[in-house]
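As structure tokens, the structure follows; a few thoughts come after it.
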Amino acid sequence: MSIALPETVTLGHRFAGELPEMAVPWLAEEAPDPQLLVLNEPLATELGLDPATLRGAAGIGLLVGADVPEGATPVAQAYAGHQFGGFNPRLGDGRALLLGELTDPAGRLRDLHLKGSGRTPFARGGDGLAAVGPMLREYVISEAMHALGIPTTRALAVVATGRPVRRETLLPGAVLARVASSHLRVGSFQYAAATGDLDLLRRLADHAIARHHPDAAAAERPALALFESVVAAQASLVAQWMLVGFVHGVMNTDNVTISGETIDYGPCAFLDAFDPATVYSSIDTGGRYAYGNQPVVAEWDMARLAEALLPLIDDDQERAIALAVDALGGFRPHYNAAWTAGMRAKLGLPEGLDDAVVGALADDLLPLLQRDHVDHTSFYRRLAAAARGEVEPARNLFLDLAGFDAWAERWRATGPDADAMDRVNPVYIPRNHLVEEALTDATAGDLTPLHQLLDAVTRPFEERPGLARYAEPAPVDFGAYRTFCGT
Ligand code: AMP
Ligand code: MG
0 MSIALPETVT LGHRFAGELP EMAVPWLAEE APDPQLLVLN EPLATELGLD PATLRGAAGI
60 GLLVGADVPE GATPVAQAYA GHQFGGFNPR LGDGRALLLG ELTDPAGRLR DLHLKGSGRT
120 PFARGGDGLA AVGPMLREYV ISEAMHALGI PTTRALAVVA TGRPVRRETL LPGAVLARVA
180 SSHLRVGSFQ YAAATGDLDL LRRLADHAIA RHHPDAAAAE RPALALFESV VAAQASLVAQ
240 WMLVGFVHGV MNTDNVTISG ETIDYGPCAF LDAFDPATVY SSIDTGGRYA YGNQPVVAEW
300 DMARLAEALL PLIDDDQERA IALAVDALGG FRPHYNAAWT AGMRAKLGLP EGLDDAVVGA
360 LADDLLPLLQ RDHVDHTSFY RRLAAAARGE VEPARNLFLD LAGFDAWAER WRATGPDADA
420 MDRVNPVYIP RNHLVEEALT DATAGDLTPL HQLLDAVTRP FEERPGLARY AEPAPVDFGA
480 YRTFCGT
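The opening position of the sequence shown corresponds to residue 0 in numbering that gives the first Met the number 0, with each subsequent residue numbered one higher.
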């Protein structure tokens, strides 16, 4: 059976067609009793899909992969990856499928992808499934990231399958329908490179250039230009994570995109108290992916991409390495520029103020926040109030009052713009305790708290009455937060 998609929308198979070695045609496992839990209507509309159609039986069939449109070729994508530093040459979509590429009304190609759609040939020991809670978690956090203006995969829908999933207990199963500008990862290039098939690697690079970094096609060395573009995109992305207090939690090379979008919302979480050592993931015992390590880890991941691209950069390996090392050197300046620009905005500092002054103000602030365990998100909103003359709410967050006062005096002297601060510093982020509360209730069948949370975090900069609890840090009795991969 195939559903009637609007005529303007086609589900293409460019990835599968151009890179068949990395695409295993596959079908979703049947969902015994599919129930739509949440649909992203604005995103559906943006994609040229009709929300009412998606809510109907045929639409839900598409969202769980049961009814694919005529001509579509769903595939499980092959990729490799360094997981916590160790290389695995074959990971791939163990529980996910690329249904195909939508061409949205603006002419952009967007992957329509399912997660939790059943075992594939890449499933290894996994069951191929996903539970309602973690799929709703990805929905909430990725949509919050989008609303914060951070490049990310999007969540189109979560459908409960009616099939239980065995984790520590039996949980209701679900499929997440996800949209991305592509699912090409650093690990995709590592996979192609590891096959030793230079033609495959070249086709993958051409595909990535065409989809994400088209200017690279005209460069003297397109693969090097592609690498430079990815380095810039990732440096900018991770700077934005740092500015908003996002801890990705599993920055393995298979979870790092070529597009520069955030992907894989397994163990991620937002900071409460500012502390570079913050780790939430239960398996990250060494703190490899701690909040403060994210920039150096992203740079490390970019080095792995460079290695995979070397044969395309120059036939002479020594020359290729020299060029790649030079390009990798662009990561730090890009990151620093993006981070400093972001801190300028967060602190409401004037455009004309010298970068060195911005950098010094930011560098002197962070140790104060860290030492006094200041809540990262509410601090910057309260600081905007301080720019309006109401200093106490921000000041009250500190124990070291003299330290804060001395810093604040320097900051006030620059003439910070409070309204500009409120446009970039969120009131509402997906607070860990509220996410957990919403997911627990949703798993038990009550979606009201989830919708309230979504309402708060999808308009994060707009303070609204009745949402005060969404702006508060977790109560102390919430304790240390733990997150999990592969849930
Ligand atoms: P992740 O930690 O989500 O980046 O996943 C790493 C790898 O494990 C990918 O190849 C996933 O497809 C695979 N994987 C994670 N969970 C499952 C599962 N329940 N069943 C099959 N494969 C899985
Ligand atoms: Mg992953």
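Don't be surprised by glycine CBs; every beta carbon is placed ideally from N, CA and C.
Can you give me the start and stop residues for the beta strand (DSSP E) that residue i sits inside?
i: M165; result: Checking the sequence shown, residue 165 turns out to be Arg, not Met. R153 to R165 is the span of the beta strand (DSSP E), which, as asked, contains R165.
i: R107; result: Where R107 is concerned, there is no enclosing beta strand (DSSP E), given that its DSSP letter is neither H nor E.
i: F86; result: G85 to N87
i: S172; result: The question names Ser, but residue 172 is Gly in the sequence shown. Taken as a continuous stretch (DSSP letters only), the beta strand (DSSP E) holding G172 covers L169 to A179.
i: A22; result: A22 to P24
I'd like to check one pair, residue j with residue i: are the Cβ atoms closer than 9 Å?
i: F121; j: V23; result: yes
i: G132; j: L170; result: yes
i: D196; j: P221; result: no
i: G485; j: R287; result: no
i: L449; j: A467; result: no
i: A71; j: H12; result: yes
i: V246; j: V278; result: yes
i: L61; j: P68; result: yes
i: S181; j: H211; result: yes
i: P275; j: S377; result: no
i: A15; j: L97; result: yes
i: T482; j: A272; result: no
i: L53; j: L36; result: no
i: A130; j: T413; result: no
i: G265; j: V249; result: yes
i: E100; j: L90; result: no
i: T160; j: V139; result: no
i: G172; j: A30; result: yes
i: E462; j: V426; result: yes
Please report the distance separating the alpha-carbon of residue i from that of residue j.
i: G341; j: G291; result: 16 Å
i: V164; j: D198; result: 41 Å
i: I59; j: A386; result: 49 Å
i: A146; j: I262; result: 15 Å
i: G64; j: K345; result: 42 Å
i: A43; j: A234; result: 30 Å
i: A311; j: A305; result: One detail in the question is off: residue 311 reads as Leu in this sequence, not Ala. Cα-Cα distance, rounded: 10 Å.
i: A302; j: Q239; result: 20 Å
i: A455; j: D440; result: 17 Å
i: T7; j: R177; result: With a pLDDT of only 45 at T7, under 50, the local geometry of the prediction cannot be trusted, and no value is derived from it.
i: A383; j: D421; result: 7 Å
i: E137; j: A393; result: 32 Å
i: M134; j: L352; result: 44 Å
i: H469; j: L433; result: Residue identity differs from the one stated: residue 469 is Tyr in this sequence, not His. Computed Cα separation, rounded: 7 Å.
i: D363; j: G115; result: 45 Å
i: G329; j: V237; result: 14 Å
i: D476; j: H372; result: 16 Å
i: L155; j: L452; result: 17 Å
i: R107; j: S141; result: 20 Å
i: G117; j: P349; result: 52 Å
i: N113; j: F188; result: According to the sequence provided, residue 113 is Leu. The question's Asn does not apply to it. Roughly 22 Å between the two C-alpha positions.
i: A289; j: A224; result: 30 Å
i: L200; j: A323; result: 16 Å
i: A77; j: E260; result: 19 Å
i: R202; j: A321; result: 23 Å
i: I2; j: D66; result: Note on I2: pLDDT 49, under 50, position unreliable in the model; no value is reported.
i: L10; j: L365; result: 47 Å
i: M0; j: R162; result: Residue confidence for M0 is low, a pLDDT of 44 falling below 50, so the modelled location carries little weight; the figure read from the coordinates is stated next. Answer to the nearest angstrom: the Cα atoms are 22 Å apart.
What span of residues does the alpha helix (DSSP H) with residue i cover, start to end?
i: D353; result: No alpha helix (DSSP H) contains D353, which DSSP labels as neither H nor E.
i: G402; result: L400 to R411
i: P33; result: P33 -> no alpha helix (DSSP H), and no H or E assigned at all.
i: S141; result: V131 to A146
i: H375; result: H375 to A386
i: R201; result: L197 to H211
i: F483; result: Taken as a continuous stretch (DSSP letters only), F483 belongs to no alpha helix (DSSP H), as it is neither H nor E.
i: P221; result: P221 to V243
i: R13; result: R13 to E17
i: A191; result: V185 to T194
i: P266; result: First-last for P266: undefined, no H or E at that position.
i: P392; result: E391 to R394
i: V295; result: Q293 to I312
Residues near the ligand MG, criterion Cβ-heavy atom distance below 5 Å: N254 and D263
Those runs of the alpha helix (DSSP H) which lie wholly inside the stretch 408–466 and span at least 4 residues: 417–423, 431–442 and 447–456
Every unbroken alpha helix (DSSP H) inside the stretch 43–94 [4 residues or more]: 50–54 and 56–62
Whole runs of the beta strand (DSSP E) within the stretch 315–359, excluding any shorter than 3 residues: none
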